[in-house]
Amino acid sequence: MKKIGMQMGILMGVSLSLCLSLFGTLHSGHFTLPGFLVSFLISTVISLVIGFLVPMPKLEAAVCGKCGVEQRSLGGNLLTALLSDLIYTPLISLAMSVLAYRQTVQHGGSISFGGVFLVTLLTSLLIGYVLIFLLKPLFLKMLLKKNGIDPGQKPE
Numbered sequence: 005m006k007k008i009g010m011q012m013g014i015l016m017g018v019s020l021s022l023c024l025s026l027f028g029t030l031h032s033g034h035f036t037l038p039g040f041l042v043s044f045l046i047s048t049v050i051s052l053v054i055g056f057l058v059p060m061p062k063l064e065a066a067v068c069g070k071c072g073v074e075q076r077s078l079g080g081n082l083l084t085a086l087l088s089d090l091i092y093t094p095l096i097s098l099a100m101s102v103l104a105y106r107q108t109v110q111h112g113g114s115i116s117f118g119g120v121f122l123v124t125l126l127t128s129l130l131i132g133y134v135l136i137f138l139l140k141p142l143f144l145k146m147l148l149k150k151n152g153i154d155p156g157q158k159p160e
C-alpha cells in the first residue's frame, strides 16, 4: 500500500499542478508557454514535496474515522478531497501568486498582492476540490489494478 500511496501522490500532484498552472496562466490574461512551464514546474515540485512529507493515507483514514465515514464511500471521497485540497492548494496558490505578482511588478504593473492571492486561492480551492474529488477515485482504482489488487476489496 505504501507503493500505491507514493504513486497516488505523484499522479495527483502532477495532475493538480498541471490543471492549476494552466488555469492560473490563462486566468492572468498573459498566457505564455514559458510562464506556464515555470508555473507547472514549481507547483509540481511543491506538490511532490507535500506528497512525500505528508502521510495523506493515514490522515485521510484518521479524519474519516473521526467523522464516522467509510473512506471509499461518497461521503469519504468528499471529505478526503476537502482534506487534500486544504493541504495542497493553499501552498501552490501562494507560490503561483508570488510568481505572478513578481512578474507583473517587474513589467511595470501595479497590483495588490493580497487581491491576487485571495482570488487565486479561492478559485484554486474550488477547482482543486473538484479535480481531487473526480481524479482520486479514478487514479486509485487504476493503481490498485496495476499493482495486482482487486479495486473492490477493502484496504488492509
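Numbering (the numbering used here) for the sequence shown: 5 to 160. Glycine is no exception: its CB is placed at the ideal position from the N, C-alpha and C atoms. Only a predicted model underlies this, so the values are computations on that prediction, with no experimental measurement involved.
Local conformation of residue i per DSSP, three classes
i: Q11; result: helix
i: F35; result: coil
i: P94; result: helix
i: L106; result: Contrary to the premise, residue 106 reads as Arg rather than Leu in this sequence. In this structure, R106 counts as helix in the three-state DSSP scheme.
i: I50; result: helix
i: S21; result: helix
i: G112; result: coil
i: S43; result: helix
i: S88; result: helix
i: S101; result: helix
N- and C-terminal bounds of the alpha helix (DSSP H) containing residue i
i: P141; result: F117 to K150
i: E64; result: M60 to C71
Beta-carbon proximity list for residue i, same chain, < 7 angstroms, skipping 5 on both sides
i: M12; result: F143, L144 and L147
i: T48; result: G17, V18 and S21
i: E64; result: Q75, T84 and L87
i: I54; result: I91, Y92 and L95
i: D89; result: L129, G132, Y133 and I136
Buried versus exposed, by CB contacts within 10 Å (16 or more), residue i
i: L41; result: exposed
i: A66; result: exposed
i: S114; result: exposed
i: K140; result: buried
i: F1; result: Since the first residue of the chain shown is 5 and the last is 160, residue 1 is not available in this structure.
Same chain only: Cβ atoms within 8 angstroms of residue i, ignoring 5 sequence neighbours per side
i: K7; result: N151
i: P155; result: L144, K145, L148 and K149
Same chain only: Cβ atoms within 6 angstroms of residue i, ignoring 5 sequence neighbours per side
i: T93; result: S128, L129 and G132
i: E160; result: Unreliable placement is indicated for E160, whose pLDDT of 47 sits below 50; no coordinate value is reported for it.
i: S101; result: V120, F121 and T124
i: L15; result: F143
i: F35; result: T29
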